[in-house]
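My numbering applies: residue 12 is where the sequence shown begins, and numbers increase by one.
For each residue, glycine too, the CB sits at the ideal point set by N, CA and C.
Heads up, the thing below is written out as structure tokens.
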Amino acid sequence: MAKQKFKTEVSQLLQLIIHSLYSNKEIFLRELVSNSSDALDKLRYLNLTDKKYKKITLDPKISISFINTDKQKTLTISDNGIGMDKEDLIASLGTIARSGTKKFLENLSGDSKKDSNLIGQFGVGFYSCFMVSDKVEVVTKKALDNKAYLWKSDGKTGFTIKEVEKENSGTKITLFLNENGHEYTNRWSIDSIVKKYSDHIAFPIELHYIEEKDKKVENKVEQVNSASAFWKKSKSTLKDKDYNEFYKTISGNNDNPLMHIHTQAEGQLVYSTLFYIPKTAPFDMFRADYKSSIKLYINRVFITDDDKELMPTYLRFVQGIIDSEDLPLNVSREILQKNQILEKIKKNSTKKLLSEFKNILDSDKKKYIEFFSQYGIPLKEGLYQDFENKDSLLDLMCFKTNKSDEYITLKEYVDKMQKNQKSIFFLTGSKLSELKNSPLLEVCNKKNIQVLLMDHEIDEMVFGAMQKYKDYDFKSINHANALEEIQDKDNKEKKKEKVEPFIKKVKKVLGDKVKDVVSSSRLSDSPACVVADSNDPTAQMQDLMKQMGQSGLPDAKPIFEINPDHKIIKKLSKMSKNKQFDDSVMLLFDQALLVSNIKIDNPGEFISRINKVLEKSL
């Protein structure tokens, strides 16, 4: 019997598989089980569609057995599927990496964990078994064929094929395990791997093993997979209780989820998704190295739960499953990122999730607020990450206002706008309590105009760059001139002329500490405030940029606004410019900075000025 050579540089290839992909060697069992499942699927399909195969009685199953003795350590995987003839053996097992060995070799990165996922994408899935074995024997008989064949190889030089006897169709693969594979002659390790990768394959996987009990030896057969995929079940047959129980099995969380979203898509793309939203945010949600909670399956075969490309980063809190029937088995992580099918699934899933969030907002606002309080911040990230879904995300935003502690949406804000109001006003800062008491709100409070209060640093980044919601401009009242549309312009000009001499004196005191000093029409109860120029970043934004490493940027000076109607300003305007005047102006300026949560240059001088005022008043 002549030995046939492999059709590529197999020695080099297999050595690379053994040594480069070694750390994830357990995937060999996934590959062999998946091949058996495909063989069963093919026979089942032919049984339904081809008259020649209808006489075959189907009892589809996959069997795994092992021998663990001092002399022999083998692992056997068998199925009663379609089987192979001689031509199939040569084509399937005698041609390695038909999609291109060269490309396979070029894509090896040296990272064994990463490279292990390349197996299968390049037609080398079967050959992963040589990571754990010195020799492999394949006995197979094609359905409706009279001949059976034995394929043998050491995975180095080539293979042999000869005719043998086999009663039924199907394939039996026996691995003669090397030292690296001895652990797979263990009932529990096999059980664990099958449950990890192949639990949801549609066919039963039976594990055959010997059990010694009370000095008696028994041959045991145990089904080690569930042979069903929960997410493939019809939604009409499932209840909330069923979804909750399944969530607990895949998440390790004892609490029920806040909600679930189950999709079964058919058409150009066939896939199923089952997403869960936990009640509380994952502990690592704001860590750069957060753990993805989406499991990718291909035809019920587990592929990975460690790929952050399966979901946009702003939806990283979503847990669940994606199962595609259109992706090639065992797609690598590098290819996942570029795969058009998966990109479409990701795109569709994102839109579906956002749509479901909106449905909950419309139907059960209390439940939605519970959701938003946990996940509002990452959703805001989406506003600058996902331009395509920006409008949908804006509809999901909720805010507290100067008028209410209850959350309102942008739509609700617009519905309650004043007649002369054309913009959506917002105020950013670090604490909600500080924002509520901000002097910048005074004119809005007086005129019963709602202002959105944003107390997280991400708000500064997101809404500072956000231009519109529908036909309404976003305007930050942290900036000068933001409230012009609601102010009496004629009255403003009269006040400006009246205090112009006083403003000049204030400018001389403050010097380059400010960009400008102006008469304010936004203040009613406070003597002064600070705002940013319309084209400048706010003080909070400047701090944030410094935290992000942009320390080389010049500081933007604030604009100092004074209230000409306030008693303090009226008294100061009558005072001659002297040391007391200068100290009073500096006190007002530092006070305005502190109220806006901006650091003052010299706290010691500030305290000294306050003490002088106290001395005179006591």
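Is it buried or exposed, residue i, if we count other Cβ atoms within 10 angstroms and call 16 or more buried?
| i | result |
| --- | --- |
| aspartate 601 | buried |
| histidine 271 | buried |
| histidine 193 | exposed |
| alanine 154 | buried |
| arginine 327 | buried |
| methionine 586 | exposed |
| phenylalanine 571 | buried |
| valine 329 | buried |
| arginine 41 | buried |
| serine 144 | buried |
| asparagine 46 | buried |
| leucine 186 | buried |
| alanine 550 | buried |
| leucine 629 | exposed |
| valine 235 | buried |
Can residue i and residue j be called in contact, C-beta distance under 8 Å?
| i | j | result |
| --- | --- | --- |
| serine 545 | tyrosine 483 | no |
| tyrosine 220 | tyrosine 258 | no |
| isoleucine 38 | isoleucine 184 | no |
| isoleucine 216 | isoleucine 75 | yes |
| lysine 173 | leucine 161 | yes |
| leucine 463 | tyrosine 424 | yes |
| serine 182 | glycine 94 | One detail in the question is off: residue 182 reads as threonine in this sequence, not serine. Yes, the Cβ-Cβ distance between threonine 182 and glycine 94 is below 8 Å. |
| isoleucine 573 | leucine 598 | no |
| lysine 163 | glutamate 148 | yes |
| glutamate 532 | valine 454 | According to the sequence displayed, residue 532 carries serine and not glutamate. Yes, the pair counts as a contact, with Cβ atoms nearer than the cut-off. |
| leucine 104 | phenylalanine 141 | no |
| isoleucine 579 | proline 538 | yes |
| isoleucine 611 | phenylalanine 617 | yes |
| lysine 588 | lysine 516 | yes |
| leucine 405 | leucine 421 | yes |
| lysine 53 | glycine 92 | yes |
| phenylalanine 382 | leucine 269 | yes |
What residue from the options has the CA that sits closest to residue i's CA?
| i | options | result |
| --- | --- | --- |
| leucine 555 | Glu471, Lys526 and Gln498 | Glu471 |
| alanine 50 | Ile101, Lys72, Ser139 and Pro293 | Lys72 |
| valine 44 | Glu495, Val205 and Ala159 | Val205 |
| glycine 331 | Ser180, Ser139, Lys458 and Glu256 | Glu256 |
| lysine 509 | Lys519, Arg533, Gln558 and Pro575 | Pro575 |
| serine 384 | Ser47, Cys409, Ile611 and Ser444 | Cys409 |
| glycine 522 | Asp593, Glu277 and Phe313 | Asp593 |
| alanine 493 | Asp61, Lys422 and Leu452 | Leu452 |
| threonine 324 | Leu285, Thr171, Val520 and Tyr386 | Tyr386 |
| aspartate 316 | Asn370, Ile261 and Pro293 | Ile261 |
| glycine 237 | Ser245, Tyr208, Lys252 and Asn230 | It should be noted that the sequence gives serine, not glycine, for residue 237. Selected option, being the one with the closest Cα: Tyr208. |
| aspartate 165 | Gly615, Leu188, Ser203 and Tyr395 | Leu188 |
| lysine 627 | Gln591, Glu233, Lys516 and Lys231 | Gln591 |
| isoleucine 101 | Leu57, Lys14 and Asp70 | Lys14 |
| glutamate 176 | Phe170, Glu190, Gly169 and Asp156 | Asp156 |
| serine 535 | Lys519, His577, Asp251 and Lys524 | His577 |
| glutamate 417 | Lys376, Phe297, Glu468 and Val520 | Lys376 |
| aspartate 426 | Val473, Ser441 and Lys481 | Lys481 |
| serine 619 | Ser595, Asp566 and Ser203 | Ser595 |
| isoleucine 8 | Gln553, Glu229 and Ile380 | Outside the shown range of the chain, which is 12 to 629, sits residue 8, and nothing can be said about it. |
| glutamine 275 | Met552, Val228, Arg298 and Glu336 | Glu336 |
| leucine 394 | Lys411, Val473 and His467 | Val473 |
Using C-beta distances below 6 Å, list every residue in its chain close to residue i, excluding the 5 sequence neighbours before and after it, in chain order.
| i | result |
| --- | --- |
| serine 403 | Leu365 |
| aspartate 266 | Lys290 |
| tyrosine 254 | His271 |
| methionine 465 | Phe437 and Thr439 |
| tyrosine 301 | Asp295 and Arg327 |
| phenylalanine 368 | Leu407 |
| aspartate 527 | Ile570 |
| glutamine 396 | Tyr325 |
I'd like the list of long-range same chain contacts for residue i, defined as Cβ closer than 8 Å, with 5 residues on each side in sequence excluded.
| i | result |
| --- | --- |
| methionine 240 | First, the residue type needs correcting, since residue 240 is alanine and not methionine in the sequence shown. Result list for alanine 240: His211, Ala213, Ser283, Tyr308, Arg311 and Asp334, in chain order. |
| leucine 321 | Ser303, Ile305, Leu307, Ile333, Leu347, Leu353 and Lys357 |
| lysine 362 | Asn400 and Ser403 |
| phenylalanine 313 | Arg41, Lys207, Tyr208, Ser209, Asp210, His211, Lys306 and Leu307 |
| valine 529 | Ala491, Lys507, Ile514, Ile570, Phe571, Glu572 and Ile573 |
Leaving aside the five residues before and after residue i along the sequence, list all residues of the same chain whose C-beta is less than 7 Å from its C-beta, in chain order.
| i | result |
| --- | --- |
| isoleucine 460 | Gln429, Gln432, Phe436 and Ile497 |
| asparagine 456 | Asn413 |
| lysine 113 | Interpretation of lysine 113 is limited by its pLDDT of 41, a score under 50 that renders its predicted location unreliable; no figure is taken from the coordinates. |
| lysine 97 | Tyr160 and Ile172 |
Inter-stretch contact (C-beta, 8 Å, three-pair minimum) for the region 443-453 and the region 471-480: No contact exists between the region 443-453 and the region 471-480.
Spell out a yes or no on whether the region 83-97 and the region 189-208 are touching, meaning 3 or more CB-CB pairs, one atom from each, closer than 8 Å. Contact between the region 83-97 and the region 189-208 is present, because at least three Cβ pairs lie under 8 Å.
For the region 221-228 and the region 53-67, state whether three or more C-beta atom pairs, one from each stretch, are separated by less than 8 Å. Short answer: they don't touch.
If contact is defined by three or more beta carbon pairs under 8 Å, each pair taking one atom from either stretch, is the region 486-495 in contact with the region 533-542? The region 533-542 and the region 486-495 touch, with no fewer than 3 CB-CB distances between them shorter than 8 Å.
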